[in-house]
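Peer 1:
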């Protein structure tokens with residue numbers, strides 16, 4: 032199939048030039064220019080742009096305060112009183128491209144952070160009395176801002192006491208659970224360890240806060256302005272856009288090392304197998320990077336530098352060289368020269384295995400797809416549709432009797448790839464409709480008459496399967512081509528986004544560029560039956576209980592989501608497979624689930640999780656706290672082995688073509704072993720196997736396979 036690279040779903044797509052911006056008021060700095068770009072782009076191309084008025088102002092005011100101090104640990108009511116006058120003026124500021132409210136918030140936030148740090152330092156440094164104290168409310172929606180600094184200081188004292196107490200009790204529990212009691216510490220010694228742990232954790236947090244720049248805060252503020260229209264319209268800085276492209280493309284140009292922070296330095300967290308760093312055999316996990324040198328330039332000491340800044344120094348164009356000065360485990364200091372190259376992030380790609388339960392079900396293919404990745408701006412780049420087609424080819428060579436396509440936790444990606452992928456399972460026909468704010472619906476059609484796979488198909492989803500995942504699930508459900516198996520519903524994200532490069536909308540002003548990108552909601556997508564997946568998601572044919580069963584999740588839990596709508600259906604049909612016994616499949620599955628101790632435990636666990644989530648007030652008295660924790664532990668004990676026992680008899684085999692690549696490196700072997708280990712404990716996978724067995728045994732379409740399947 033021809034793969035196109037224009038539209039994107041979920042987190043999404045290409046660079047387009049916006050209409051020339053309305054000049055509006057003159058702007059003379061980068062921040063104002065970015066704001067103007069955001070506002071004008073929303074005005075001209077958003078699916079349903081909202082008015083910039085007092086309602087807008089009040090919502091941006093509220094959202095910004097929640098994002099800069101959602102836990103109410105920095106600002107007091109006295110601070111908010113200084114900002115209150117701006118609550119209904121932000122619309123005027125935005126129209127004038129000014130930032131009075133934002134500018135007024137920064138010194139208050141900086142001062143509040145310093146005060147919080149001093150209150151924490153004082154509270155952690157003095158003895159704590161764990162025999163008194165009123166219960167602490169941990170749900171910030173239920174508490175008010177501290178009236179003044181005196182109240183804020185008292186709140187921090189309670190926060191510190193709670194953090195130390197909870198860590199102390201955890202250390203006591205961990206020690207009690209050890210089989211070897213030799214070297215056990217006293218409870219007082221464990222309390223000292225708890226204080227050290229909390230002190231380090233919070234000091235690291237304050238250090239990270241101290242490294243935030245004005246530009247970081249500005250990105251948050253601009254995001255609040257964009258998000259007013261819907262939760263998926265957003266501003267992305269140049270770095271955020273680069274990270275997005277890497278995530279969706281599954282590759283980058285660099286050295287192939289994942290980095291993290293350790294104190295004032297940056298540590299190598301892991302090495303990407305097959306990447307430039309891996310090929311040198313010199314850079315190791317846990318090496319501490321001290322300096323970064325571009326070939327022919329002075330070394331840059333990175334002590335105290337933010338890890339994202341270090342990443343920018345390390346990344347670079349293919350063929351260029353970077354020199355890392357690192358401290359090894361033995362404290363030796365070495366310089367490592369690495370030539371940058373293209374790095375493939377294979378962990379984020381499609382992979383497949385073959386599943387068997389001897390005596391019950393045999394030779395079923397399983398494909399795991401973590402997201403609908405695509406290199407949108409690179410010709411011949413990564414494409415999940417191409418990769419899934421290859422996995423199907425390999426599975427067909429093994430003469431599998433059915434395929435499970437696992438889209439659980441798949442948040443979406445490329446629209447074009449999901450249209451192509453849906454076409455693998457039907458002859459030809461419409462897959463999804465998209466509609467902008469003024470246009471007639473556009474129907475994305477699979478025009479390839481060939482069928483890549485015409486056998487039994489199950490699509491596995493859950494409440495975190497979103498966007499493109501919902502498109503293929505909805506299309507296969509409408510065509511009656513596959514059985515959708517999963518949680519109560521999918522995520523409910525039924526909108527299409529495009530990226531607009533702000534640089535392309537501005538002539539000149541090169542000194543301000545790059546300006547970043549706006550991710551803009553420009554369309555809704557609709558099922559071929561006319562319904563939207565927005566808010567409602569896709570309701571699986573067979574619903575299996577999960578631990579989120581009683582908790583509100585998905586698009587409907589966001590602020591400012593677009594509403595559910597519907598349009599006319601389009602004609603559609605397919606003759607590959609028509610599932611005629613769906614109700615019988617549902618009944619069989621319900622019976623198995625009702626008789627399954629594991630699934631009944633899942634339901635009980637889901638209720639317990641809901642109750643635990645609703646319990647937001649905690650005692651500050653150690654005895655009361657321990658009693659509450661012990662009761663919760665006792666209540667949860669029955670769930671200890673949930674998802675930890677291997678499925679009886681389940682055999683999982685790698686495909687012959689994959690074995691050589693897996694055996695290339697120990698890290699590949701370890702990742703593959705972990706992948707298979709998780710699958711062997713997956714009760715949803717087990718039930719899906721039984722469902723596909725029932726499909727084969729019940730459906731006339733699969734008569735040729737029935738002799739190969741144990742009934």
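In the numbering used here, the protein residues as written are 32 to 742. Positions of the beta carbon are idealized from the N, C-alpha and C atoms, including for glycine.
1) Return the CA-CA distance between residue 128 and residue 120, expressed in angstroms with no decimal places.
2) Below 8 angstroms between beta carbons: does that hold for residue 502 and residue 572?
3) Just to confirm my understanding: we take residue 667, look at its own chain, exclude 5 residues before and 5 after, and list those with CB closer than 6 angstroms. What are they?
4) Less than 8 angstroms between CB atoms is the rule here; does residue 89 satisfy it with respect to chain B?
5) Could you say which of 117, 107, 208 and 141 lies nearest to residue 24 if we only look at CA atoms?
6) Considering only C-alpha positions, which residue in the set 480, 386 and 522 is nearest to residue 442?
7) Nearest CA to the CA of residue 717: which residue from 695, 330, 89 and 393?
8) Report the three-state DSSP secondary structure of residue 577 (helix, strand or coil).
9) Determine the extent of the beta strand (DSSP E) in which residue 204 is found, giving its start and end residues.
10) Cα separation between residue 422 and residue 735?
11) Taking its Cβ as the centre, do 16 or more other Cβ atoms sit within 10 Å of residue 505, making it buried, or is it exposed?
12) Could you round the C-beta distance between residue 490 and residue 371 to whole angstroms and report it? I think they count as a contact, below 8 angstroms.
13) Is it a yes or a no for the segment 335-354 touching the segment 249-257, going by three-plus beta-carbon pairs under 8 angstroms?
14) Between residue 605 and residue 538, how many whole angstroms is the CB-CB distance? I'm expecting something under 8 angstroms.
15) For residue 73, I'd like the list of residues in its chain whose CB is within less than 8 angstroms of its CB, leaving aside the five on either flank, ordered along the chain.
16) In terms of residue numbering, what span does the alpha helix (DSSP H) encompassing residue 621 cover?
17) If we count the other Cβ atoms within 10 Å of its Cβ and call it buried at 16 or more, is residue 412 buried or exposed?
18) List the DSSP bridge partners of residue 264.
19) Put residue 521 into one of helix, strand or coil per three-state DSSP.
20) Assuming residue 529 is part of the alpha helix (DSSP H), what are its boundary residues?
21) Near residue 637, which residues of its chain fall below 6 angstroms by C-beta distance, leaving aside the five closest residues on each side in sequence?
22) Would the segment 638-655 count as touching the segment 190-199 if we require 3 or more Cβ pairs under 8 angstroms?
23) Considering only the alpha carbon of each residue, which of 662, 384, 238 and 362 lies closest to residue 708?
24) So if DSSP puts residue 609 in a beta bridge, which residue, or which two residues, is it bridged to?
25) Exposed or buried, which one is residue 494 when buried takes at least 16 other CB atoms within 10 Å?
26) Could you tell me the alpha carbon to alpha carbon distance between residue 312 and residue 477, rounded to whole angstroms?
27) DSSP three-state label for residue 595, please.
28) Take residue 712 as the anchor and find which of 672, 272, 364 and 152 has the nearest alpha-carbon.
29) Should residue 158 go down as buried or exposed, given a rule of 16 or more other Cβ atoms within 10 Å for buried?
30) Count the C-beta pairs between the segment 605-615 and the segment 626-643 that are closer than 8 angstroms, then say yes if the count reaches three, no if not.
31) So the alpha helix (DSSP H) residue 26 belongs to, where does it begin and stop?
32) Which word fits residue 461, buried or exposed, when buried means at least 16 other C-beta atoms lie within 10 angstroms of its C-beta?
33) Using the Cβ count rule (16 or more neighbours within 10 Å means buried), how would you classify residue 156?
34) Quick check on the DSSP output: what are the complete alpha helix (DSSP H) runs of length 4 or more inside the segment 422-470, in order along the chain?
35) What is the residue span of the alpha helix (DSSP H) that residue 71 lies within?
36) Would residue 290 pass as a contact of residue 298 if the rule is Cβ separation under 8 angstroms?
Peer 2: Concretely, from the data shown:
1) 12 angstroms
2) no
3) none
4) No chain B is part of this structure, which consists of one protein chain only.
5) Residue 24 lies beyond the residue range present for the chain, which begins at 32 and ends at 742; the question has no answer from this structure.
6) 522
7) 393
8) coil
9) Premise fails: residue 204 lies in the alpha helix (DSSP H), 180-207, not in any beta strand (DSSP E).
10) 23 angstroms
11) buried
12) That belief does not hold up - the Cβ atoms of residue 490 and residue 371 are roughly 39 angstroms apart, past 8 angstroms.
13) no
14) Actually they are not in contact, since the Cβ atoms of residue 605 and residue 538 sit about 50 angstroms apart, beyond 8 angstroms.
15) 80, 257, 260, 264, 549 and 551
16) 613-626
17) buried
18) In the DSSP output, where bridge partners are listed per residue, residue 264 has none listed.
19) coil
20) Where residue 529 is concerned, there is no enclosing alpha helix (DSSP H), although the beta strand (DSSP E) it sits in stretches over 526-532.
21) 578, 580 and 581
22) yes
23) 384
24) DSSP output for residue 609 lists no bridge partner at all.
25) buried
26) 46 angstroms
27) coil
28) 672
29) exposed
30) no
31) The shown model of the chain, from 32 to 742, leaves out residue 26, and the question about it has no answer.
32) buried
33) exposed
34) 446-453
35) 61-76
36) yes
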